[in-house]
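*Asks:* One structure coming up, written as structure tokens, with questions to follow.
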Amino acid sequence: MIELRRRGASYGQIANEVELSRNTVKSICRRSEILIASPDAQALVEYCEHCQTRLPRVAHGRRFCSDECRLDWWHAHPDRLNRKAVYTFTCAACGKDFEAYGNKHRKYCTHNCYIRDRFGTRGGRP
């Protein structure tokens, strides 16, 4: 069965040949890591985009092996972010322009500016 798949036979063709259901053949081929009907099927194994370790079989369709790798990769590639909800404001306390992601009602650039404007202090009690 595996040899038929390596030679390019479809799941349906193999199922007819060995008299099993198409889903059973598909399952066996996937467990054997023969994912597509091509000579280089073994070369198409998924790896983590950050550390290049092989992803576990349960991680099919994932790009990273762990949250740590995912965060490290995105921090290293900020240009690849597709942020659509970036808003530009002027801080009500200091007057500086700043950008905020995902919050269109923001008034202050930092917590210190908020404290200074709201309570008239530099972050502590007067």
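In my numbering, each number is its position in the sequence shown, counted from 1, plus 409.
In this text, a Cβ means the ideal position worked out from N, Cα and C, and glycines have one as well.
Can you list, in chain order, the residues of its chain whose CB lies under 8 Å from that of alanine 424, leaving out five sequence neighbours each side?
*Replies:* The residues are Ser430, Arg431, Thr433, Val434.
*Asks:* By the 10 Å Cβ neighbour count, where 16 or more other Cβ atoms means buried, how is histidine 459 classified, buried or exposed?
*Replies:* Buried is the call here.
*Asks:* On the three-pair Cβ rule with 8 Å, is the stretch 490–507 touching the stretch 470–479?
*Replies:* They do not touch, by the three-pair rule.
*Asks:* I need the DSSP call for lysine 516, collapsed to helix, strand or coil.
*Replies:* Three-state DSSP puts lysine 516 in coil, outside helix and strand.
*Asks:* Give the secondary structure of arginine 463 by DSSP, where H, G and I count as helix, E and B as strand, and everything else as coil.
*Replies:* Strand at arginine 463.
*Asks:* Quick check on arginine 463: buried or exposed, where buried means 16 or more other Cβ atoms within 10 Å of its Cβ?
*Replies:* Classification of arginine 463: exposed, given that the 10 Å Cβ count is below 16.
*Asks:* Taking the alpha-carbon positions, what's the threonine 499 to arginine 515 distance?
*Replies:* Going from the Cα of threonine 499 to the Cα of arginine 515 covers about 9 Å.
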